[in-house]
Amino acid sequence: MELQNYVSQILNDIKNNGMLAVKKYSKQFDNYDGDLELKVEEWDIDEEIPAQDKEIIEKTIQRLENYHLKQKTEDILYSNEYNSTYGLINRPINRIGIYVPGGKPLPSSLLMVAIPAKIAGVKEMLITSSPKDGVINPYIIYIAKKLGIKEIYKIGGIQAIAAMTYGIGIKKVDKIFGPGNQYVNEAKRQVFGEVGIDSLAGPSEICVIADETAKPEYILNDLLSQLEHGYESKAFLVTTSKELYEYCEREGIDRYLFKSIEDCAAKTNEIAPEHLEIMTKDPESVLPLIQNAGAIYLGDYTPVPAADYFLGVNHVLPTGGAARFSSVLNLSDFTKKISVAKVSKDELLKERYLGIRMAEIEGMHQHKKSMEVRK
1 MELQNYVSQI LNDIKNNGML AVKKYSKQFD NYDGDLELKV EEWDIDEEIP AQDKEIIEKT
61 IQRLENYHLK QKTEDILYSN EYNSTYGLIN RPINRIGIYV PGGKPLPSSL LMVAIPAKIA
121 GVKEMLITSS PKDGVINPYI IYIAKKLGIK EIYKIGGIQA IAAMTYGIGI KKVDKIFGPG
181 NQYVNEAKRQ VFGEVGIDSL AGPSEICVIA DETAKPEYIL NDLLSQLEHG YESKAFLVTT
241 SKELYEYCER EGIDRYLFKS IEDCAAKTNE IAPEHLEIMT KDPESVLPLI QNAGAIYLGD
301 YTPVPAADYF LGVNHVLPTG GAARFSSVLN LSDFTKKISV AKVSKDELLK ERYLGIRMAE
361 IEGMHQHKKS MEVRK
């Protein structure tokens, strides 16, 4: 409740006092006391990025584009026996804001959001990120330039969420994407409804299902890799191997030893982890047993960090058990589905008794008249 009230007070202050409040919190939280104009105007930063890194970014962009292009779906329109038309059409969200943490810059998160948004047809994208010594991380600016994003703002934290939501110093957005700390998450939760949000991302999680054929060194390093994100991160080992169970005894790793892979899968579905690695003799045979996971990586050569950075699959995933009801970030997160209907006279006059009776049941007399009046 203390966090909720704290964030609410800041959001209300910014909503009521505009840029003066934004500047106050930028000074307090980002140690940024720049002009009221928050937009980054200087784009000539290519010389700060080594040529090798530019090539790595380019290849990663290509891999992400190749993967996400395959997610494009067509509109669904069909006719029935009455020659009426029904269906669903896709329309991209017009304007999104991408929050990129600046304290510990995460340019990979920008790639994971901006590329599918671009493929989905989002027309306007902007980036907010906390400045360090008054400047945005050059890799973030370079990637933005590569992807054609022309709006970057030197603002982070709760004040960035407020500015994007209320249109303070920034043209307001329709939906906000990107990870943040507990204050950013709470701010996103509170503004949801005025804008859309992607999710409330929690600490990173990894779960590994492994049997006696798994390589202990691979498993241990994969588990430790996710704990690197911070002390709240979680690592789970679910195994049938007593040797592996003992080998991975480390602080921060929760271990479970079962007699069968089926029991391992059941425990994993209970955990509903963000990342799941399956390292067994036949990982494909385990896949049908998994119902709850943000992403599943099969075999010895699909470690989570590879997916985080360059495989092309998206690394924006549900956490905290949300994989029970949520999905990996994909093209549908950047589009809206709109239903379409064109009903023929024959169908309406023949079938309207269904709606007329439902209107009578619900006591909606004008609903009933709207259908009855047509001849």
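According to the working numbering, the sequence shown is numbered sequentially starting from 1. Glycine is no exception: its CB is placed at the ideal position from the N, C-alpha and C atoms.
Query                                                                                                                                                            : Result
Could you spell out where the alpha helix (DSSP H) holding S332 opens and where it closes?                                                                       : From DSSP, S332 is part of no alpha helix (DSSP H); its letter is neither H nor E.
If you follow the alpha helix (DSSP H) that R63 is part of, which residue opens it and which one closes it?                                                      : A51 to L69
Quick check on the burial criterion: 16 or more other C-beta atoms within 10 angstroms. Buried or exposed for F334?                                              : buried
Using the Cα positions of N31 and S129, report the straight-line distance between them to the nearest angstrom.                                                  : 13 Å
Would you kindly work out how many angstroms separate the C-alpha atoms of E372 and N90, rounded to a whole number?                                              : 32 Å
Verify whether the separation of the beta carbon atoms of L38 and Y139 is less than 7 Å.                                                                         : no
What is the DSSP secondary structure of R91, counted as helix, strand or coil?                                                                                   : strand
Can you name the residues that DSSP bridges to H275?                                                                                                             : I206 and A295
Would you kindly check if the distance between the Cβ of I10 and the Cβ of V22 is under 7 Å?                                                                     : no
I'd like to know if the region 269 to 286 and the region 207 to 219 are in contact, where contact means that at least 3 CB-CB pairs between them fall below 8 Å. : yes
Taking the straight line between their C-alpha atoms, what separation do you get for I175 and E243?                                                              : According to the sequence shown, residue 175 is Lys rather than Ile. Near 48 Å, if we compare the C-alpha coordinates of E243 and K175.
According to the neighbour-count rule (16 or more other Cβ atoms, all chains shown, within 10 Å of its Cβ), is D33 buried or exposed?                            : exposed
Taking P101 as the reference, which of N83, V184, I149 and G202 has the closest Cα?                                                                              : V184
Going by alpha carbons, who is nearest to N330 out of G18, I57 and T73?                                                                                          : T73
Is it the case that the Cβ atoms of T319 and A201 are separated by a distance below 7 Å?                                                                         : yes
Report yes or no: do three or more beta-carbon pairs, one from the region 117 to 129 and one from the region 144 to 163, lie closer than 8 Å?                    : yes
Ends of the beta strand (DSSP E) at K234?                                                                                                                        : K234 to T239
Shortest alpha-carbon distance to S260 belongs to which of T85, T240, V195 and I141?                                                                             : T240
Does P92 get closer than 7 Å to chain C when you measure Cβ to Cβ?                                                                                               : This model lacks chain C altogether; it includes just one protein chain.
Is the Cβ-Cβ distance between L223 and I253 less than 7 Å?                                                                                                       : yes
Would you say E205 and P273 are within 7 Å of each other, going by their C-beta atoms?                                                                           : yes
Is DSSP giving I158 helix, strand or coil here?                                                                                                                  : helix
Could you give the distance in angstroms between the alpha-carbon of H315 and the alpha-carbon of T85?                                                           : 38 Å
Between which two residues does the beta strand (DSSP E) containing K172 stretch?                                                                                : Premise fails: K172 is in no beta strand (DSSP E) and is neither H nor E.
Where does R374 sit, in a helix, a strand or coil, going by DSSP?                                                                                                : coil
For L111, which three-state DSSP category applies?                                                                                                               : helix
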